[in-house]
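K.L.:
Numbering (my numbering), first residue to last: -4 to 458.
Every residue gets a Cβ at the ideal spot worked out from N, C-alpha and C, and that includes glycine.
Take a look at the following structure, please.
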């Protein structure tokens, strides 16, 4: 070992690296032991106090209170009260309160106990009450004015922010709202307007919100999933999601009923995964034009397909594209993307029932199919392949016009007897991945395809 390495080794403190004489856990420092206890639920951390005299008071200085237990209400009250009273940490890193039983009256007092004024005593607050199916626990709104709060995760609670209240969460960076019931649309808007530095937002299966408005300039990650059909029935087409977040990097929307509208064009967008009803397709693609990875799952007819290719945006950064559609002309969408994605490397198409993949129909014939695809396209995948003429025709078109293609991946739950189509890439590999092949059918496929490409056959059940 060099002298410099020896010097660096000697400079490490006992906290950075335990000494060689440290042979059991009792030899560790109190700081390290408290850090280890912070990964346990509070009930388990308290139990360590019986190990020895030294361990007796370690847990009361752990900066995490985690009550995630399914106890009888009396035992749960005793556990939480004891944890809050005995903990001596001035500022908690995390307070987690998950309970699936009957909610006692002191539940709100517990939450207020860790807030303790405007500054608050906690950085990360996580509240979940899955037992309350009807969301009859009204979450205390004073939480929405805590200055030190950096992470807030709420599940199964009722949120009502009155019109005269000013939400101010100047430190909040992560906000998760799962299966919440809001008093009205304005409660959501008021909450988000008060998150001045918010970077990550998750809104999942929310209730009683007709038009979700998300205007957060600092937002980098957004995940929205709705089940509006469960609450609004056939009136879902009148609902909307409006997003204005110019600094987004990761976007996921799973809502095939509402109208999705992106009011800004995020220039730093890395990945977008969108499931929607197809309305406003071109407006949506214009807002996503900077994405590097794009997945579109379209469930329904879209009205603006007749727009010409000049209206479709240029995807200069797009390297991976995944398309899935039901009851709509997905071929037209594919053609537009192939024309406007010069750096595309991976193309994946999901062939689902009732999908509109018809390369031979009249509408496609009127369009100019690109004769040369991206020179970087190396992988083409067809999922749920059934071997019909439309699918083979599509595969032929892609292979003929992708000179750099290296791998064709065919996934199917059916037996594939043969698949023949020409290729341009000398190094193109054909890969079959099935669920119900037997050895005989796999060997037959290999014989049929060996003249067209080098074949690697996979089977998740039996090769």
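1. Contact defined as beta carbons within less than 8 Å: I believe residue 184 pairs with residue 208. What is the distance between those atoms, to the nearest angstrom?
2. If residue 214 sits next to residue 186, beta carbons under 8 Å apart, how far is it from one beta carbon to the other, in whole angstroms?
3. Could you check the C-alpha separation between residue 433 and residue 26 for me, to the nearest Å?
4. Quick check on this structure: which residue in 35, 241 and 254 has the alpha carbon closest to the alpha carbon of residue 283?
5. In three-state terms, what does DSSP make of residue 85?
6. If you drop the 5 nearest sequence neighbours on each side, which residues of the same chain put their C-beta closer than 6 Å to that of residue 290?
7. Alpha carbons only, please: which of 279, 99 and 87 is nearest the one belonging to residue 68?
8. Hey, quick one: how far does the alpha helix (DSSP H) through residue 325 stretch, first residue to last?
9. How close, in whole Å, do the beta carbons of residue 217 and residue 238 come, if the pair is a contact with beta carbons under 8 Å?
10. Beta-carbon within less than 7 Å of residue 54's beta-carbon, same chain only, minus the 5 sequence neighbours each way: which residues are those?
11. May I have the straight-line CA-CA distance separating residue 92 from residue 141, to the nearest angstrom?
12. Which residues in the same chain have their Cβ closer than 6 Å to the Cβ of residue 169, if we skip the five residues on either side of it in sequence?
13. What residue range is occupied by the uninterrupted beta strand (DSSP E) comprising residue 19?
14. Sorted by chain position, which residues of the same chain lie with C-beta nearer than 6 Å to residue 254's C-beta, five sequence neighbours on each side aside?
15. Beta carbon of residue 86, beta carbon of residue 118: below 8 Å?
16. Pick out whichever of 261, 219 and 110 has its Cα sitting closest to the Cα of residue 249.
17. Can you give me the C-alpha to C-alpha distance between residue 190 and residue 34, rounded to a whole angstrom?
18. On a Cα-Cα basis, can you pick out the residue from 180, 104 and 328 that is closest to residue 158?
19. In whole angstroms, give me the CA-to-CA distance for residue 19 and residue 29.
20. Shortest alpha-carbon distance to residue 371 belongs to which of 378, 387 and 396?
21. Rounded to whole angstroms, what's the CA-CA distance from residue 380 to residue 332? Just pull it up for me.
22. To which residues of the same chain is residue 261 closer than 7 Å at the C-beta, ignoring the five residues directly before and after it?
23. Out of 246, 210, 329 and 251, which has the shortest C-alpha to C-alpha gap to residue 221?
24. Could you compute how far the alpha carbon of residue 192 sits from the alpha carbon of residue 167?
25. Does the distance from the C-beta atom of residue 76 to that of residue 115 stay below 8 Å?
26. Could you check the C-alpha separation between residue 361 and residue 306 for me, to the nearest Å?
27. Give a yes or no on whether the C-beta atoms belonging to residue 314 and residue 338 are separated by under 8 Å.
28. Under the three-state reduction of DSSP, which class applies to residue 160: helix, strand or coil?
29. In the DSSP assignment, what residue or residues form a beta bridge with residue 377?
30. Please go through the same chain and pick out, in chain order, the residues whose beta-carbon is closer than 8 Å to the beta-carbon of residue 182, but skip the five residues on each side of it.
31. Which residue wins for smallest C-alpha separation from residue 205, given the options 176, 108, 104 and 88?
32. Pick out whichever of 38, 50, 36 and 37 has its Cα sitting closest to the Cα of residue 22.
33. Are residue 137 and residue 110 touching if we call contact CB-CB under 8 Å?
P.N.:
If we stick to the structure as given:
1. 5 Å
2. No, residue 214 and residue 186 are not in contact; Cβ-Cβ is about 13 Å, not under 8 Å.
3. The pLDDT assigned to residue 433 is 40, lower than 50, so where the model puts this residue is not dependable; a value taken from the coordinates is nonetheless given after this. In this model, residue 433 and residue 26 are separated by some 59 Å (Cα to Cα).
4. The shortest Cα separation from residue 283 among 35, 241 and 254 belongs to 241.
5. coil
6. Excluding residues up to 5 positions away in sequence, 268 and 317 lie with their Cβ nearer than 6 Å to the Cβ of residue 290 in the same chain.
7. 99
8. 325 to 335 is the extent of the alpha helix (DSSP H) around residue 325.
9. Rounded, the Cβ-Cβ distance is 7 Å, consistent with contact.
10. 32, 40, 41, 43 and 44
11. 18 Å
12. 146 and 195
13. That residue, residue 19, is in no beta strand (DSSP E); it is neither H nor E in DSSP.
14. 235 and 274
15. yes
16. 219
17. 28 Å
18. 180
19. Between residue 19 and residue 29, the C-alpha separation is close to 15 Å.
20. 396
21. 21 Å
22. 240, 241, 242, 243 and 285
23. 251
24. 6 Å
25. no
26. Any reading at residue 361 must be qualified, since the residue scores a pLDDT of 48, below 50, and its modelled position is unreliable; the value itself is stated next. Going by the C-alpha atoms only, they are around 17 Å apart.
27. yes
28. coil
29. 344 and 405
30. The residues are 154, 155 and 156.
31. 176
32. 50
33. yes
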